[in-house]
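Data block below; observations after.
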Amino acid sequence: MSSRWHQYKAATDAVVSWLQRATATKATKATATATSGATTTKSIWAAAVAVAEMGLPVPAHIWTELATCIRLRWMATRSLPPDAGHMYFLFLLRAVRSKLAPLRPTATRRKPATSSGLSNAFAALAVDDDNDDDGDMPPFDASAYTPPPHEDPRMAQLQADQFRTMCFVLDMDELMGEVRAVWAAFKQGETTLVAAAAVTNHSVRVVESLASELSLELPYLQTLGEIDILLGQSMLFHRLVRCTDLSLGDAVERCFKMRWAPADDTLDALVVDTIRLFKLSPKVGTIPALRRLATPRFDWTSTTKHLGGGSNLDQLYILMATVATMLRNRQQMEADVVFQWDEATAPAPCISALHGTLINDILVPLLSVLTQRPSKNDDSFRTSDDFRFTKGITATLQPYMTLVNGLAKNTVATTELVFATQCLLVSILAVQGPSSNAITCASVAASTIRALKAAYRHVLAAMQRPDIAPNNVDWLQTQAGALRFSLWAATSNADATPEVRLRTWLNPWMAGQRLLESALSVHFVLGIQIMDDMKPSVILLHTYNALRITGDVAPIALLDDISDLYARGSQIWVGSRPSKRGGLVKALGLSIGSTSIHAFTASELVTPDEKVAKRQYHDRKDRRSKLQKVHGVTTARAVQRTTCYMALSRSW
């Protein structure tokens with residue numbers, strides 16, 4: 008998935024670079040090289056005006072990139088507070104589009120085919136319809152546009168960081184929509200549990216990657232708590248940015264501590280310093296008053312489709328941050344359950360109603376087992392997470408276990424952990440239902456237990472094979488331990504009730520993760536073993552066919568029958584069965600999974616005569632001089648091709 012921020016940056020760079028190239032002369036190029044600086048709104052507008060005056064045609068792909076800039080900028084701008092000052096650059100982009108509109112390439116329309124007699128209702132649609140998202144934009148008079156005056160660099164940096172962060176929030180919102188859709192499809196029987204778990208796993212890993220990129224570019228944004236401070240526009244943060252020389256990172260950190268830090272000497276010193284900065288009165292300079300000033304005024308989740316309301320991601324972060332604090336202070340965790348969830352008699356109306364169940368019935372038992380690590384006392388419970396070389400498999404196939412394990416070790420409610428926890432609650436909310444429904448949380452748990460038991464028996468039977476490969480023994484033992492651990496945690500752990508065990512380990516998403524790991528890990532290894540068993544047979548058939556072609560071996564009826572049988576498909580003979588000399592290596596390479604290039608290269612290495620003949624043929628056709636051959640100069644002219652990317656209409 009390409010993030011909105013990267014799409015916006017790529018589109019903006021393409022438009023600005025084209026404007027600069029179109030208006031550059033030799034003198035301006037030399038000046039720009041000598042004094043290179045940041046591009047400003049005034050320079051962009053001046054370049055657009057110059058292009059319009061020169062009447063230069065705008066390439067189709069540049070026009071599409073400009074439309075992409077406007078669309079992505081508006082998507083983030085309308086999600087930010089209306090008085091945050093983010094409209095000026097959107098107005099600039101719209102003014103540039105209006106200025107260059109007379110130079111826009113004509114829309115290409117497809118002509119319907121008349122010879123076949125078939126009609127196509129979509130044939131007359133324009134393929135460069137890029138104004139679908141402009142309908143809800145505020146009115147704008149491009150003819151009266153003037154570039155904004157010089158703005159405070161600190162406020163410009165604040166707006167840039169807020170825009171960057173909102174792009175990340177919208178990416179999370181889109182991924183959460185995908186998660187909701189796939190679990191709704193599973194509830195309707197339109198997809199499988201493993202597929203729903205795989206989509207959710209992928210979404211969590213994407214959010215983890217996007218959050219890592221955000222923290223690298225803006226190091227002061229480590230969790231959703233700092234994001235809430237940056238986007239929430241609290242009174243204290245606003246005054247720290249406008250009235251002090253603190254950096255944005257220091258201002259966010261100060262507001263974050265003022266809002267969440269416990270009352271101790273560190274907070275007292277911070278309060279004293281804040282009173283000194285603003286010369287506050289004693290009534291205003293108290294901890295409760297400053298906490299109120301540090302509370303965000305704007306709910307950044309309210310402008311999203313899937314992260315606000317009853318599914319408020321900020322509330323879930325506060326809950327997970329409280330859990331992290333209790334773990335850090337070694338306090339006993341227990342949530343006050345306002346809503347007693349039962350899928351048959353009292354289904355949850357929204358995600359926030361499941362917060363009590365999340366703490367008491369999922370996180371507390373899960374953390375208890377993960378911190379005790381049964382594999383330390385019993386080798387039969389060792390899983391793939393106990394081995395360094397297989398930790399990546401667990402992180403990919405069971406991301407929630409890995410993230411909760413990280414919470415227990417680092418006591419930090421990371422962004423990806425909060426997002427993954429929301430995904431878990433989404434799966435419960437989507438699948439819950441009375442016993443009369445075909446798919447419920449209870450039916451998912453029961454079917455998962457049966458599947459895990461069958462997989463465990465499957466692994467034990469594979470371990471008892473006399474011809475098992477030695478390098479697969481340890482792997483199968485590890486998978487047996489993982490399955491044994493899963494069955495023990497879900498059915499036999501005496502520290503939890505049967506209902507809590509199923510909610511903890513076999514809620515819909517975690518049940519899907521268990522099945523996904525067993526399907527890919529266990530069956531993958533056994534499939535590799537079968538392929539290893541088949542490889543000698545493949546080599547035998549290819550060698551026999553090559554020897555029959557050369558006449559070095561007498562016909563063997565059994566091998567001829569097997570070769571004829573496999574000639575009907577492509578399992579052994581990829582493409583066709585070789586019938587002339589020199590095709591052994593190429594055919595064998597293709598049959599064992601090598602690419603065509605590698606197979607042909609290997610074939611030439613073992614047939615030097617053919618390789619020499621090809622080289623001599625190419626040398627005869629080569630018209631370059633000796634000097635060109637030495638320096639590797641090609642005689643073919645480099646043809647510059649421009650690829651135009653056209654945005655399809657939403658009508659499709």
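Position in the sequence shown counted from 1, then plus 7, gives you our numbering.
In this text, a Cβ means the ideal position worked out from N, Cα and C, and glycines have one as well.
Where residue i sits in the DSSP three-state scheme
i	result
D321	helix
D349	strand
R337	coil
Q195	coil
M667	Because the chain spans 8 through 659 in this model, residue 667 falls outside it and cannot be assessed.
T310	coil
C357	coil
D559	coil
R457	helix
F492	helix
Y573	helix
I475	coil
D502	coil
L547	helix
S583	coil
R212	helix
A133	Confidence in A133 is poor, its pLDDT being 43 and thus under 50, which makes the residue's placement unreliable; the coordinate value appears in the next sentence. Strand at A133.
S443	coil
From the options, residue whose alpha carbon lies closest to that of residue i
i	options	result
A163	H93, R212, A188	H93
Y152	K49, I563, E224	K49
W580	D481, T550, N500	T550
T418	A564, L326, S254	L326
D343	A353, S359, R337	S359
M265	D257, S254, L277, L255	L277
W516	S24, Y624, W190	W190
A74	T19, S86, L253	T19
V211	D571, S528, Q429, D559	Q429
V186	D143, R622, Q338, L431	L431
L370	T422, V507, I69, A453	V507
V451	R510, L243, Q486, R80	R510
G317	A561, Q338, F285, C357	C357
Short Cβ contact (8 Å threshold) for residue i with residue j
i	j	result
N367	E341	yes
V425	L361	no
T455	L365	no
V6	L107	No answer is possible for residue 6: it lies beyond the span of the chain, which begins at 8 and ends at 659.
L459	A469	no
L3	D159	Residue 3 lies beyond the stretch modelled for the chain, which goes from 8 to 659, so this question has no answer here.
D148	L231	no
L237	V201	no
P145	Y95	no
W307	G363	no
L221	L228	yes
L97	I77	yes
M173	S86	yes
V248	L165	yes
Cβ-based neighbour list, residue i, same chain, cut-off 8 Å, excluding 5 preceding and 5 following
i	result
A415	L334, L374, L377, T378
E224	R171
Q520	A204, N208, L404, Q405, P406, Y407, M408
Y573	L548, I579, W580
F193	T199, L200, A202, A203, A437, V438, I446, P515
D235	P303, W307, D321, Y324
Own chain, CB closer than 7 Å to residue i, minus 5 neighbours either side, in chain order
i	result
T30	A54, A57, V58
A351	P441, S442
A205	L523
A331	L414, T418, V419, A420
C448	E350, I435, V438, Q439, N514, P515
Q27	A54
H313	D180, M183, G184, R187
Cutoff 8 Å: residue i Cβ touching any chain B Cβ
i	result
I546	Protein chains in the displayed structure number just one, and chain B is not present.
Cβ shell of residue i (< 6 Å), same chain only, five flanking positions each side left out
i	result
A268	L274
R584	A574
F305	P88, G239, Q240
E215	E423
Segments of 3+ residues assigned as beta strand (DSSP E) that fall wholly inside the region 406 to 435
none
Report the start-end ranges of each alpha helix (DSSP H) in the region 232 to 284 that is 4 residues or longer and not cut off at the edges.
242 to 250, 255 to 267
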